[in-house]
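> Start counting the sequence shown at 1; every next residue gets the next number (UniProt numbering).
Built from N, CA and C at the ideal position, the CB exists for glycine as well.
Computed from a prediction, not measured in an experiment: that's the story for all the values here.
Please see the structure below; I have some questions.
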Amino acid sequence: RSRLWAALPAQAHIHFKEVLFLLQNEVTSCFYGFYLLLIVTGYKDISDTNTIMEEEKKSDVGTDLQTQLIYRCKKCRRIVASQENVVDHKRGEGERCFKWKKRSDSWDTEKEPPECSSIFVEPMKWMQAVEEGTVEEKLQCLGCKARLGSFNWAGMQCNCGSWVNPAFQLHKNRIDECHI
């Protein structure tokens with residue numbers, strides 16, 4: 001018996017209670033999405049997940065269900081970020097910010113700035129190149145190694161013209177927006 005415990009420590013089934021709870025409460029519920037987010041974001045102490053979920057359940061009673069926006073890799077569907085990780089930036093003046101004569105009055109000032117083609121997020125655990133200490137690098141999905149974007153600690157300019165510093169950019173055409 002002691003050899004068995006040495007080979008399979010008690011920590012191996014740490015998530016068993018949580019998974020059992022989820023199976024009892026429909027896998028399609030918001031609790032399942034919440035549980036996945038906890039695991040993906042590296043929530044260390046997952047032992048009190050049941051109490052967190054119960055509090056969520058109590059707070060949802062009598063209110064409309066609020067959907068949460070998550071971002072997944074388009075290729076392998078791995079969760080790479082949630083709306084909470086997104087860093088908002090003020091939209092710039094668009095393409096004219098990249099032109100040589102930026103201050104020219106000949107530009108149409110009433111035009112709406114273009115839609116951003118990417119999102120900027122906080123540095124996260126899955127970004128291996130960030131942990132290696134490089135200043136700038138491409139960001140790859142951990143699951144399929146697809147290129148999702150890039151980062152630069154000195155910052156970079158969004159296609160809308162705004163400068164984001166530091167910049168951890170995920171391209172919208174490489175990720176899917178999902179509501180859970």
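Taking the alpha carbon of residue 147 as the point to measure from, which residue in 154, 168, 155 has its own alpha carbon closest?
Position 147 of the sequence shown holds residue 147. Residue 147 has its Cα closest to that of 168, out of 154, 168, 155.
> Taking only three categories from DSSP, how would you classify residue 132?
Looking up residue 132 in the sequence shown gives position 132. It is coil, neither helix nor strand.
> What residues in its chain sit with their C-beta under 7 Å from that of residue 162, if we drop five residues either side in the sequence?
Taking the sequence shown and counting its residues from 1, the one referred to as residue 162 is at position 162. For residue 162, where only same-chain residues beyond five positions count, the Cβ hits under 7 Å are 89, 90, 91, 92.
> For residue 164, I'd like the list of residues in its chain whose CB is within less than 8 Å of its CB, leaving aside the five on either flank, ordered along the chain.
Your numbering for residue 164 matches position 164 in the sequence shown. 87, 89, 120, 155, 156, 157, 158, listed in sequence order.
> Between the C-alpha atoms of residue 137 and residue 122, what's the straight-line distance to the nearest angstrom?
Looking up residue 137 in the sequence shown gives position 137. Looking up residue 122 in the sequence shown gives position 122. Whole-angstrom Cα-Cα distance: 15 Å.
> Would you kindly work out how many angstroms separate the C-alpha atoms of residue 76 and residue 143, rounded to a whole number?
If you number the sequence shown from 1, residue 76 lands on position 76. If you number the sequence shown from 1, residue 143 lands on position 143. Approximately 7 Å between the Cα atoms of the pair.
> May I ask you to report which of helix, strand or coil DSSP gives residue 90?
By 1-based counting over the sequence shown, the position of residue 90 is 90. DSSP places residue 90 in coil when its eight states are reduced to three.
> By the DSSP assignment, the beta strand (DSSP E) with residue 147 in it spans what residues?
Mapped onto the sequence shown, residue 147 falls at position 147. That run of the beta strand (DSSP E) goes 147-152.
> Answer yes or no: do residue 152 and residue 130 have a C-beta to C-beta separation smaller than 8 Å?
As a position in the sequence shown, residue 152 is number 152, starting the count at 1. As a position in the sequence shown, residue 130 is number 130, starting the count at 1. The answer is no: Cβ separation not under 8 Å.
> From residue 166 to residue 175, what does the alpha carbon distance come to, in whole angstroms?
What you label residue 166 is simply residue 166 of the sequence shown in a count that begins at 1. What you label residue 175 is simply residue 175 of the sequence shown in a count that begins at 1. Distance between the alpha carbons of residue 166 and residue 175: 21 Å.
> Name the residue from 127, 172, 82 whose alpha carbon lies nearest to the alpha carbon of residue 180.
Position 180 of the sequence shown, counted from the start, is the residue given in the question as residue 180. Of 127, 172, 82, the residue nearest in Cα terms is 82.
> Quick check: the Cα distance between residue 139 and residue 170, rounded to an integer number of angstroms?
Here residue 139 refers to the residue found at position 139 of the sequence shown. Here residue 170 refers to the residue found at position 170 of the sequence shown. Using only the alpha carbons, I get a separation of about 8 Å.
> Do residue 141 and residue 70 come within 8 Å of each other at the CB atom, strictly closer than that value?
Residue 70 sits at position 70 when you count from the first residue of the sequence shown. Residue 141 sits at position 141 when you count from the first residue of the sequence shown. No, the pair does not count as a contact, with Cβ atoms beyond the cut-off.
> From residue 117 to residue 73, what distance separates their C-alpha atoms?
Within the sequence shown, the letter at position 117 stands for residue 117. Within the sequence shown, the letter at position 73 stands for residue 73. Whole-angstrom Cα-Cα distance: 15 Å.
> May I have the straight-line CA-CA distance separating residue 80 from residue 149, to the nearest angstrom?
As a first step, residue 80 is located in the sequence shown; it is residue number 80 there, counting from the start. As a first step, residue 149 is located in the sequence shown; it is residue number 149 there, counting from the start. Rounded to the nearest angstrom, the two C-alpha atoms are 11 Å apart.
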